[in-house]
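Read through the structure below, which is laid out as structure tokens, and then see the notes.
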Ligand code: CA
């Protein structure tokens, strides 16, 4: 099974440490943040598969962080709190949290609940074993936003990744530069069509698509696997 990434946002270091220990022992990749702001930045830099989020943080409240994350990312969040009353629990769940664990907790129970939530989330999003797919000598792992070529991870910017995936998913279709600009960069992007050319050149080089990602002179590009 793939290693799943857990981000723990918890200011009480002993609690963060015990959670980290428990999840690492079970084969998860764990990162810890000790403030809401730090946690938010870490989640943006490297989106985890799940966030364990403390309710009471020194800078922001856990509910604020939860809302900031769920506005931007589709990822499960489990709130941790010392509070046990029903209103808080409902408030936490309304703010976008997927589950709620009350401190003190049983470490095995936390791990078991996280596994359940990840499975439920994978199913709800159609992720599963099939989300790792192959295209020529490329392996795409969409959950990780990663593409591997002959087992080696390609270093792609987010745009390069989006563009590469777009071609891989639409083989044998010709796309003009302006359509690609709209689809990958969005309608309000201020750059011009040379941006597309530059990115196509880069993904050709990085993913070894010199012969398969072809230029249709005067029109645009086509991926021919
Ligand atoms: Ca706390």
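Residue numbers (the numbering used here): 806 to 1030.
Every residue, glycine too, gets a C-beta built ideally from N, C-alpha and C.
Relative to the C-alpha of residue 948, which candidate in 855, 1003, 1009, 859 has its C-alpha closest? 855
At least 3 beta-carbon pairs within less than 8 Å: the stretch 984-999 vs the stretch 913-924: no
Is residue 815 near ligand 1, in the sense that its beta carbon is under 7 Å from a heavy atom of that ligand? yes
Can residue 864 be considered in contact with ligand 1, in the sense that its beta carbon sits closer than 7 Å to one or more heavy atoms? no
Bridge partners for residue 818 per DSSP, in chain order? Partner(s): none; residue 818 has no beta bridge.
Going by DSSP, name the residue or residues bridged to residue 962. Paired residues: none, contrary to the question.
Near ligand 1: residue 822 beta-carbon under 7 Å from a heavy atom: no
Is it right to say residue 871 is buried, meaning 16 or more other beta carbons lie within 10 angstroms of its own, or is it exposed? buried
What I want to know is whether the C-beta of residue 869 ends up closer than 7 Å to one or more non-hydrogen atoms of ligand 1. no
Output yes or no for whether 8 Å exceeds the beta carbon distance between residue 915 and residue 827. yes
Check whether the Cβ of residue 884 sits closer than 7 Å to any heavy atom of ligand 1, and report yes or no. no
For ligand 1, I want to know if residue 847 counts as a neighbour, meaning its beta carbon is within less than 7 Å of at least one of the ligand's heavy atoms. no
With DSSP as the reference, label residue 985 as helix, strand or coil. helix
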